[in-house]
Each structure stands twice: as structure tokens, then as C-alpha cells.
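Heads up: the sequence shown runs through residues 0 to 81, numbered per numbering that gives the first Met the number 0.
Glycine is no exception: its CB is placed at the ideal position from the N, C-alpha and C atoms.
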Amino acid sequence: MTMILLNGSDLSLRQLLAIADDHAEVGLAADARARVAASRAVVDAKADGQAAVYGVNTGFGNFAETRIDQQDLAALQLNLLR
């Protein structure tokens, strides 16, 4: 099976099923990778800034007003994915 390149705009149902059901190999197109990197730079800048950004440098839900220490931000994001 051919690798399915994700580009952020045209994933077909057939491709999605091949990924989900047949474990098709998936790659990220170069232009999509560049957009992800640019988005990451924006989030990193916001996380390093003074302004509170929900879920980036604050807690979630009832802890939305609680700022997270800089050294704990990576753990916050990792725990969000778990």
C-alpha cells in the first residue's frame, strides 16, 4: 500500500479507513510540516509570554485561572494527551 501523505486539506474517507483499519503508513507533507512548525512557534511564544493562555500556560476547567510554572509546561501538555 502507498504511504498516505497528510496535507491538512484532502483526506478521503477511503484513506481514513485505510489508516484506521489497515494500518496504512502515514506521512506528513512538507507544506503541512511547515505549517505545524509555524503554529508551534506561535504557541511557544505565547507560553513564554506574560499573558495567560488557557491550557497552554494555565490549568484547565476549574484551574483555568491558575498559571503553570514555566518548568511544568511540558508536563502539563503531556498529561493533556494522556
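Which term fits residue i, buried or exposed, when burial requires 16 or more other beta carbons within 10 angstroms of its beta carbon?
| i | result |
| --- | --- |
| N78 | exposed |
Taking C-beta to C-beta, are residue i and residue j nearer than 9 Å?
| i | j | result |
| --- | --- | --- |
| S35 | I3 | Just to set this straight, residue 35 is Val in the shown sequence, not Ser. No; because the gap between Cβ atoms is not below 9 Å, this pair is not in contact. |
| L75 | G60 | no |
In whole angstroms, what separates the C-alpha of residue i from that of residue j?
| i | j | result |
| --- | --- | --- |
| F62 | S38 | 25 Å |
| L80 | L15 | 21 Å |
| D47 | D30 | 26 Å |
| Q69 | A51 | 12 Å |
| A17 | A28 | 18 Å |
| A40 | M0 | 34 Å |
| E64 | L5 | 36 Å |
| Q49 | D71 | 15 Å |
Compare the C-alpha of residue i against each of the options and name the closest.
| i | options | result |
| --- | --- | --- |
| K45 | T1, A33, R66 | R66 |
| G7 | A33, M0, A17 | A33 |
| V55 | V42, T1, D20 | V42 |
In the DSSP assignment, what are the bridge partners of residue i?
| i | result |
| --- | --- |
| L27 | L5 |
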